[in-house]
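Colleague:
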Amino acid sequence: MINTANGMMSTSSSSANAQSPGLKTYFKTPEGRYKLHYEKTHPSSLLHYAHGKTVTQVTLAHLKDKPAPSTPTASSSSFGASTGVKSAAARWLGSGNGSRALSFVGGNGGSKSISSTSRIGSLGTSSSSTSMTNTNFDGKGTYLISNVGDAIFISDLNSQEKDPIKSIHFSNSNPVCHAFDQDAKEGHDLLIGLNSADVYSVSLRQQLQDVGKKLVGAHHYNKDGCVNNSRCTSIAWVPGGDGTFVVAHADGNMYVYEKASSNNFKAVFHLGSNPIARWHVCQGSINSIAFSFDGAYLATVGRDGYLRVFDYPKEQLVCGGKGYYGAVLCCAWSMDGKYILTGGEDDLVQVWSMEDRKVVAWGEGHNSWVSGVAFDSYWSSPNSDGTAETVMYRFGSVGQDTQLLLWDLVMDEIVVPLRRCPPGGSPTYSTGSQSSHWDNVSPLGTLQPASSIRDVPKISPVVAHRVHSEPLSGLIFTQESVLTVCQEGHIKIWMRPGIAESQSSNTESLSSSAKDKLLLPSKIGGSSYKQ
1 MINTANGMMS
11 TSSSSANAQS
21 PGLKTYFKTP
31 EGRYKLHYEK
41 THPSSLLHYA
51 HGKTVTQVTL
61 AHLKDKPAPS
71 TPTASSSSFG
81 ASTGVKSAAA
91 RWLGSGNGSR
101 ALSFVGGNGG
111 SKSISSTSRI
121 GSLGTSSSST
131 SMTNTNFDGK
141 GTYLISNVGD
151 AIFISDLNSQ
161 EKDPIKSIHF
171 SNSNPVCHAF
181 DQDAKEGHDL
191 LIGLNSADVY
201 SVSLRQQLQD
211 VGKKLVGAHH
221 YNKDGCVNNS
231 RCTSIAWVPG
241 GDGTFVVAHA
251 DGNMYVYEKA
261 SSNNFKAVFH
271 LGSNPIARWH
281 VCQGSINSIA
291 FSFDGAYLAT
301 VGRDGYLRVF
311 DYPKEQLVCG
321 GKGYYGAVLC
331 CAWSMDGKYI
341 LTGGEDDLVQ
351 VWSMEDRKVV
361 AWGEGHNSWV
371 SGVAFDSYWS
381 SPNSDGTAET
391 VMYRFGSVGQ
401 DTQLLLWDLV
411 MDEIVVPLRR
421 CPPGGSPTYS
431 TGSQSSHWDN
441 VSPLGTLQPA
451 SSIRDVPKIS
461 PVVAHRVHSE
471 PLSGLIFTQE
481 SVLTVCQEGH
491 IKIWMRPGIA
501 ESQSSNTESL
511 SSSAKDKLLL
521 PSKIGGSSYK
531 Q
């Protein structure tokens, strides 16, 4: 068994061909056939001996047209959408460089003040005054960012070329997590976390314009582990946070940083104002973090087997609970913020409801650890005319069993399991809105023990397909395709039914309307039709 928690592998596996002879190039779903359109890989000659010690993750990045330079406004613009976040951080830490922090470890997840012994705030920057410019780069496009060994690879999603168009190498550490913000200001839109605990923010556009193999114009946070020396495990921009981002570490701590702009970077370095908050979330590693799309809630999953959901602006634990067995490795939000997916070492996919603050469904279908989950926000039921009141969710999961599973979730049709009957009553099955048939909603701010499988509705996958020859590490849904990635760094793009045919005459570009509608999940980050 391979342990992929925190992006680390306990055993290395041999490199596999991008497409094994036994793998099909399509899979069928109720709405039609998904076809393997093309693949992305990496030149093996560039890989360091450290390849195999980290697990590949993929981030989708869409670069818009480069905005015209604008005159800086008054200094008050630095508050904007992130005012609430910054003021909350000030309450957490006070004004004395991390004199206070939040802990959610003791007392059933309740928060308490603790002393911070970390040395807070040292930033560095790297730049290249002699870097050469790539004159062929036009400043826009959709890209895949992946980490393999000691390198970051950048590929053009809309090109059928297998090899990346850019590689960035790190001399002393391996990148393990990354995140992109398409609405970032001040140019820096890409975050990279390393297993040495160092964190960088860079401009993706600037990296693509440079022909070298080192980071250019980077801001360096937690340099040499001066704040926390345990490896980075997950990283995320705060939606609407005006450059605020969160870094999770293997020791159970999360840190909130303010992105340093090009104008005030030196000032931030001298003031030592970063990080602006520290959260001690759990004992053991935080394996993954994910924000709801409106930025109101932050979900974390960890080595201790718990999902925790926080009201981010209010610095408050809302709910959470334990999985059935082992660590929880991944989590993802629905677009409407009503449901959270988790997967992990129990080989199961769990669906958590924010309304009920508990598990409302679980899915069985994987034969090994679940390493990635995601909702498909572009999918609609083939039988829906758009007028039905029933909401159906499509989501996917990938695992170390090399399978992609697709699932359909319709809460109004879920069958609630046999209930324990009260004295004088009789047990019955119930359908319809599960809220009216379940026990009372869990109290605010409590962590629930693992639910009995017999008490939670079970769902089955509508599709199960072996998509790679190596264990999988993530998936991403786009409007045109489903992307799957294996631990070895091979990426496959599966086109949705009807898309491949309609694009056969023009595979080099996406339509402008598709780009406008493209939603970017924070990470890369489910055997028959349903009865």
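Here UniProt numbering is used: the first residue of the sequence shown is 1, the next is one more, and so on.
Every residue gets a Cβ at the ideal spot worked out from N, C-alpha and C, and that includes glycine.
1) What does a CB cutoff of less than 8 Å around Lys-338 pick up in its chain, not counting 5 residues either side in sequence?
2) Suppose contacts are defined by Cβ-Cβ distances below 7 Å. Is Ala-197 in contact with Gly-225 by that definition?
3) Assign Gly-32 to one of three DSSP states: helix, strand, or coil.
4) For Gly-225, name the three-state secondary structure that DSSP assigns.
5) Roughly how many whole angstroms lie between the Cα atoms of Gln-206 and Gly-217?
6) Gln-207 lies in the beta strand (DSSP E); which residues open and close that run?
7) Since Cys-177 is in the beta strand (DSSP E), which residue starts that stretch and which ends it?
8) Assign Lys-64 to one of two classes, buried (16 or more other C-beta atoms within 10 Å of its C-beta) or exposed (fewer than that).
9) Based on the DSSP output, what are the partners of Lys-140 in its beta bridges?
10) Among the residues of its own chain, which have a CB less than 6 Å from the CB of Val-320, if the five just before and after it don't count?
11) Any idea which residues DSSP pairs Trp-237 with across the strands?
12) Can you tell me whether DSSP reads Asp-189 as helix, strand or coil?
13) Identify, in the order they occur along the chain, each residue of the same chain with its Cβ nearer than 6 Å to the Cβ of Tyr-38, setting aside the five sequence neighbours on each side.
14) Only counting the same chain, and skipping five residues up and downstream in sequence, which positions put a Cβ closer than 6 Å to that of Ile-289?
15) Which full runs of the alpha helix (DSSP H) of 4+ residues lie inside the stretch 254 to 322, going along the chain?
16) Can you list the alpha helix (DSSP H) stretches of 4 or more residues lying completely in the stretch 461 to 497, in chain order?
17) Which residues mark the beginning and the end of the beta strand (DSSP E) in which Ile-340 is found?
18) Where DSSP assigns a beta bridge to Arg-394, which residues make up the other side?
19) Would the beta-carbon of Gly-343 fall within 7 Å of that of Ala-327?
20) Who does Asn-147 pair with in a DSSP beta bridge?
21) Enumerate in chain order the residues of its own chain whose CB-to-CB distance from residue 532 is below 6 Å, with the five nearest sequence positions on each side excluded.
22) DSSP on Ser-103, reduced to helix/strand/coil?
23) Between the Cα of Thr-478 and the Cα atoms of Leu-204, Ala-374 and Pro-43, which residue gives the shortest distance?
24) Helix, strand or coil for Ile-453 per DSSP?
Modeller: Reading from the atomic positions:
1) Within the sequence shown, numbered from 1, the residue matching residue 338 stands at position 338. Same-chain partners within the cutoff: Ser-353, Met-354 and Glu-355.
2) For this step, residue 197 is matched to residue 197 along the sequence shown. For this step, residue 225 is matched to residue 225 along the sequence shown. In this structure, Gly-225 lies closer than 7 Å to Ala-197 by Cβ.
3) By one-based count along the sequence shown, residue 32 stands at place 32. Of the three classes helix, strand and coil, the one that applies to Gly-32 here is strand, per DSSP.
4) As a working mapping, residue 225 is identified with position 225 in the sequence shown. If DSSP states are grouped into helix, strand and coil, Gly-225 belongs with the helices.
5) Taking the sequence shown and counting its residues from 1, the one referred to as residue 206 is at position 206. Taking the sequence shown and counting its residues from 1, the one referred to as residue 217 is at position 217. Looking at the two C-alpha atoms, the distance is approximately 8 Å.
6) Residue 207 sits at position 207 when you count from the first residue of the sequence shown. Counting along the chain, Gln-207 falls outside any beta strand (DSSP E), though it belongs to the alpha helix (DSSP H) covering 204 to 209.
7) Numbered from 1 along the sequence shown, position 177 holds the residue referred to as residue 177. From DSSP, the beta strand (DSSP E) with Cys-177 extends over 175 to 180.
8) Residue mapping note: residue 64 aligns to position 64 of the sequence shown, counting from 1. By the C-beta density criterion, Lys-64 is exposed, having fewer than 16 other C-beta atoms within 10 angstroms.
9) In the sequence shown, counting from the first residue as 1, residue 140 sits at position 140. Lys-140 is not bridged to any residue.
10) As a working note, residue 320 is residue 320 in the sequence shown. Val is not the amino acid found at residue 320; the sequence shown has Gly there. Here the set comprises Tyr-306, Leu-307, Arg-308, Val-309 and Leu-447.
11) As a working mapping, residue 237 is identified with position 237 in the sequence shown. Trp-237 pairs with Phe-245.
12) In the sequence shown, residue 189 corresponds to position 189, counting from 1. Coil at Asp-189, not helix or strand.
13) Here the question's residue 38 lines up with position 38 in the sequence shown. Taken in chain order, the residues that qualify are Gln-160 and Ile-493.
14) Start at 1 with the first residue of the sequence shown, and residue 289 comes out as number 289. Closer than 6 Å at Cβ, skipping near neighbours: Ser-234, Ala-236, Ala-248 and Thr-300.
15) 265 to 271
16) Assignment of alpha helix (DSSP H) within the stretch 461 to 497, counting only whole runs of 4 or more residues, yields no such run.
17) Counted from its first residue, the sequence shown places residue 340 at position 340. Where Ile-340 is concerned, the enclosing beta strand (DSSP E) stretches over 339 to 344.
18) In the sequence shown, counting from the first residue as 1, residue 394 sits at position 394. Answer by DSSP bridge pairing, in chain order: Asp-408.
19) Position 343 of the sequence shown, counted from the start, is the residue given in the question as residue 343. Position 327 of the sequence shown, counted from the start, is the residue given in the question as residue 327. In this structure, Ala-327 does not lie closer than 7 Å to Gly-343 by Cβ.
20) Position 147 of the sequence shown, counted from the start, is the residue given in the question as residue 147. Per DSSP, Ile-152.
21) Nothing can be reported for residue 532: it is not among the residues displayed for the chain, which extend from 1 to 531.
22) Within the sequence shown, residue 103 is the residue found at index 103, counting from 1. Residue state, collapsed to three classes: strand.
23) Residue numbering aside, residue 478 sits at position 478 when the sequence shown is read from its first letter. With distances taken between CA atoms, Thr-478 lies nearest to Ala-374 out of Leu-204, Ala-374 and Pro-43.
24) Here residue 453 refers to the residue found at position 453 when the sequence shown is read from its first residue. Helix, per DSSP.
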